[in-house]
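According to the numbering used here, the sequence shown is numbered sequentially starting from 767.
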Amino acid sequence: MPNSLWGKIVLTDWLQRVTAILTGLFLYQFVLWIEKEEVIWLPETTAFVIGTLSIAVISYFIPHLQRGWRYVIQFLLIIWLHGLGMNYHLSK
Numbered sequence: 767m768p769n770s771l772w773g774k775i776v777l778t779d780w781l782q783r784v785t786a787i788l789t790g791l792f793l794y795q796f797v798l799w800i801e802k803e804e805v806i807w808l809p810e811t812t813a814f815v816i817g818t819l820s821i822a823v824i825s826y827f828i829p830h831l832q833r834g835w836r837y838v839i840q841f842l843l844i845i846w847l848h849g850l851g852m853n854y855h856l857s858k
């Protein structure tokens, strides 16, 4: 099984992936709880936090990615996501 394509993609670093999923779900529950409170977060803030959590969890499903590159990709995607949401534009 580990020599098959399924084993290489899914079973490689499975503990790290399961930990990322469970941590993301745990934090997502807090996001939903804070969202239910009336004046703590704006709807845009909730969208940014959910997007950031999604990027962090999904990045752990890229197979054979070194830790440093994963952090760089996460950082760049999060900056890009927040830039889109805040309407930031690169000056020419």
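Positions of the beta carbon are idealized from the N, C-alpha and C atoms, including for glycine.
If you're wondering where the values come from, they're calculated on a predicted model, not measured in any experiment.
Can you give me the Cβ contacts of residue i inside the same chain, cut-off strictly under 8 Å, excluding the 5 residues immediately before and after it?
i: VAL838; result: none
Where does residue i sit, in a helix, a strand or coil, going by DSSP?
i: SER770; result: coil
i: TRP846; result: helix
i: ILE821; result: helix
i: GLN832; result: coil
i: TYR826; result: coil
i: ILE806; result: coil
i: LEU777; result: coil
By how many angstroms is the C-alpha of residue j removed from the C-alpha of residue i?
i: ASN769; j: THR778; result: 10 Å
i: LEU798; j: GLY790; result: 12 Å
i: LEU842; j: GLU804; result: 31 Å
i: ILE713; j: TYR826; result: With the chain represented from 767 up to 858, any question about residue 713 goes unanswered, as that position is not in the structure.
i: LEU847; j: VAL815; result: 10 Å
i: PRO809; j: ILE821; result: 18 Å
i: GLN840; j: LEU771; result: 25 Å
Please return the same chain residues whose Cβ sits closer than 7 Å to the Cβ of residue i, not counting the five positions on each side in sequence.
i: VAL823; result: ALA786, ILE787 and GLY790
i: TRP807; result: ILE800 and GLU801
To which residues of the same chain is residue i closer than 6 Å at the C-beta, ignoring the five residues directly before and after it?
i: TRP812; result: The amino acid at residue 812 is misidentified as Trp; the sequence shows Thr. Correct list, in chain order: GLU801.
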